[in-house]
Amino acid sequence: MADALERLTGAGVAVWLDDLSRERLESGSLAELVAHRHVTGVTTNPTIFQQSIASGATYQRQLADLAALDTPVGEAVRLVTAHDVRAACDVLWPVFASTSGADGVVSIEVDPGFAYDAERTVAEARLLSWLVDRPNVLIKIPATVECLPAISACLAEGISVNVTLIFSLERYRAVTEAFLDGLERAHAAGRPLDAINSVASFFVSRVDTEVDVRLDTLGTRQAHALRGHAAIANARLAYEHHERVVATERWRRLAEHGARPQRPLWASTGVKDPAYDDTRYVVDLVAPDTVNTMPEATLDAVADHGQVRGDRVRAHYDEARHVFKSLAAVGVDIDDVVTQLEKEGVAKFQKSWTALRSDIAAAMAMKGD
289 MADALERLTG AGVAVWLDDL SRERLESGSL AELVAHRHVT GVTTNPTIFQ QSIASGATYQ
349 RQLADLAALD TPVGEAVRLV TAHDVRAACD VLWPVFASTS GADGVVSIEV DPGFAYDAER
409 TVAEARLLSW LVDRPNVLIK IPATVECLPA ISACLAEGIS VNVTLIFSLE RYRAVTEAFL
469 DGLERAHAAG RPLDAINSVA SFFVSRVDTE VDVRLDTLGT RQAHALRGHA AIANARLAYE
529 HHERVVATER WRRLAEHGAR PQRPLWASTG VKDPAYDDTR YVVDLVAPDT VNTMPEATLD
589 AVADHGQVRG DRVRAHYDEA RHVFKSLAAV GVDIDDVVTQ LEKEGVAKFQ KSWTALRSDI
649 AAAMAMKGD
């Protein structure tokens, strides 16, 4: 009998790991997950790297070498993180090769300090692409209004992109427009479209966390009944838009030239509220041509007791719209929710990046003494 992770794969969901560390690479843990847990991709973010480097002794030799060379902290951060992502790309290379580039990819994020600066984001994306130097790397760019042009510009140059920190349907529509524009520019420049990969990372659990707080504050019976419904409804309507995009003549023209669709990626799928089933943001968001990136605890939970029941998205669009109407009726302003979540998301990654720089600077100072 197929296990739950295999059934996810069979239903068209790419299983990715939302974690990376040098210890995981050197111990063979990542290779084991790829070989036996159906993992076909890896995502990283500043928080993951900060936690990994702060707690890992495996970085000491490289940090000592960088200190001996008087390497600036900003450059050291890029070199250390690019090293891990490059190694992970090599672990995933057989998947990348066997799927003709559809999977087997690893994401690395631009400095979140550039989240509102398209020019610096593009420059950082080019540098990270050069540093990692693997065709199966995705550069993560935040879906802020300011960085939408950076998404198009990078894709136009043939840089594969993971668009991150998407919370709202309105912003997702702008992201898909940036994706199509970037591919059209790449085609016009003569670039092979089948070499460009992209995913759109729609954050899930954080939506429920914020909406549930507002519902609890309202305290009514009607509000309580809506707890835990917003995030999945939001993601389902995002997938509905994805279906509309790939049905357009504009997309068909690109597909005829080898373009791959920009898959919706469900991020932040670890459950924050212990009252909820710990696999809900995986098993209730099964749909073809999607990605679900999970922390290892969620991956283990799905493997252990996840109930994969096939497509849980496409038959639920009307139900999702009803959830949003009901939330508005009780006084929850979804536009305000997603605006707040984007600001908090950027700020959280900026804080982690600052801590990462501080940790590396302190470690290098010790090695230099």
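Anchor point for the sequence shown: position 246 equals 534 in our numbering, and the numbering is continuous, going up by one each time.
All C-beta atoms in this analysis are idealised placements derived from N, C-alpha and C, irrespective of residue type, glycine included.
Being a predicted model, the structure only gives us computed values, none of them experimental.
*What distance in whole Å lies between the Cβ atoms of Ile439 and Gly470, which are believed to be in contact at a cut-off of 8 Å?*
6 Å
*Using alpha carbons as the reference points, say which of Gly298, Glu412, Val492 lies closest to Ala521.*
Val492
*Excluding the five sequence neighbours on either side, which residues of its own chain have a C-beta within less than 6 Å of the C-beta of Asp482, listed in chain order?*
Gly546
*asked:* Taking the alpha carbon of Tyr665 as the reference point, which residue from Ala488, Thr536, Arg509 has its own alpha carbon closest?
replied: This structure does not reach residue 665, given that the chain is present from 289 up to 657, and the question cannot be answered.
_So, with DSSP's three-state summary, where would you put Pro360?_
coil
*Does the pairing of the segment 616–633 with the segment 330–345 give three or more beta-carbon distances under 8 Å?*
no
*With 16 other CB atoms within 10 Å as the buried threshold, where does Asp372 fall?*
buried
*Taking C-alpha atoms, which residue in Glu630, Ala649, Val571, Ala603 lies nearest to Ala292?*
Val571
*asked:* Please return the same chain residues whose Cβ sits closer than 8 Å to the Cβ of Thr432, not counting the five positions on each side in sequence.
replied: Ala403, Tyr404, Leu453, Glu630, Val634
_4 or more residues per run - each alpha helix (DSSP H) lying fully within the segment 514–577_ = 518–534, 537–544, 568–571
*Please report the residue range of the alpha helix (DSSP H) in which Glu607 lies.*
605–618
*Go ahead and label Leu503 buried or exposed: buried means 16 or more other beta carbons lie within 10 angstroms of its beta carbon, across all protein chains shown.*
buried
_Give me the DSSP bridge partner(s) of Lys428._
Glu397, Asn450
_Alpha carbons only, please: which of Val398, Ala477, Leu318, Val365 is nearest the one belonging to Leu587?_
Leu318
*How about Arg366 and Leu308: do their beta carbons lie closer than 8 Å?*
no
*Would you list the residues sitting across from Ile329 in a DSSP beta bridge?*
The residue you asked about is not Ile; residue 329 is Gly in the sequence shown. Paired residues: Trp304, Val393.
*Measuring CA to CA, which of Val379, Arg310, Gln550 is closest to Leu468?*
Gln550
*How about the segment 574–582 and the segment 299–314: do they share at least three Cβ pairs that are nearer than 8 Å?*
yes
*Scan the segment 440–485 and note each continuous beta strand (DSSP E) run of 3 residues or more that stays entirely inside, going in chain order.*
449–454
_Contact under 8 Å by Cβ, Glu434 with Ala406_ = yes
*Taking the C-alpha atoms as reference points, what is the distance between Gln353 and Met654?*
The question names Gln, but residue 353 in the sequence shown is Asp. For Asp353 and Met654, the distance between alpha carbons rounds to 12 Å.
*What is the residue span of the alpha helix (DSSP H) that Asp588 lies within?*
584–593
_8 Å Cβ cutoff met for Trp554 and Pro400_ = no
*Look at Val393 and Ala413 and say whether their C-beta atoms are less than 8 Å apart.*
no
*Which one or two residues does DSSP pair with Ser315 in a beta bridge?*
Its beta-bridge partners do not exist; DSSP assigns none.
*Looking only at C-alpha atoms, which of Gln595, Arg461, Asn485, Ala474 sits nearest to Val533?*
Arg461
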